[in-house]
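Numbering (UniProt numbering), first residue to last: 1 to 143. All residues carry an ideal CB built from backbone N, CA and C; glycine is no exception. What follows is a set of notes on a single structure, which appears directly below.
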């Protein structure tokens, strides 16, 4: 499970050093793709394969599933982190997420998310008040 918030920097070659506590689980390979809210999702390869199976199970006649699958798979980039735990984020994904130099990398349970630092701070400021009000709808019965 991926947890926590980290603040790495993107190097001049578009590489990100993965947080040390995530490296073991991601060492076998990752898939980086577009996520919601203009962030990037980073999945361990087995988790990406599980999601791919779920999307494949949707009927081809389901318009939203087709549209989501196209963007999700067309933008996906797979690679194995190098010995220093670095992955290269392709230019099209950096542009989508507005990534410059300062990043925020968060653990989001079964995936990692990569955010531009300012975009994350804005998202968090806008979302924290809502967070307190949504527990019952998201977690039936509460904590």
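When only Cα atoms are considered, residue 23 and residue 85 end up about 6 Å apart. Judged by DSSP in its simplified three-state form, residue 8 adopts coil rather than helix or strand. In terms of Cβ geometry, residue 43 and residue 109 do not form a close pair [threshold 8 Å]. For residue 92, the uninterrupted alpha helix (DSSP H) segment begins and ends at 91-97.
Residue burial is scored here from C-beta neighbours: residue 80 has fewer than 16 other C-beta atoms within 10 angstroms and is therefore classed as exposed.
Distance from the CA atom of residue 71 to the CA atom of residue 91, rounded to whole angstroms, is 16 Å. The beta-bridge partner set that DSSP reports for residue 111 consists of 108.
Taking the Cα positions, residue 111 is about 11 Å away from residue 51. About 6 Å separates the beta carbon of residue 113 from that of residue 35, a gap short enough to meet the 8 Å contact definition. Secondary structure at residue 70: helix, using DSSP grouped into helix, strand and coil.
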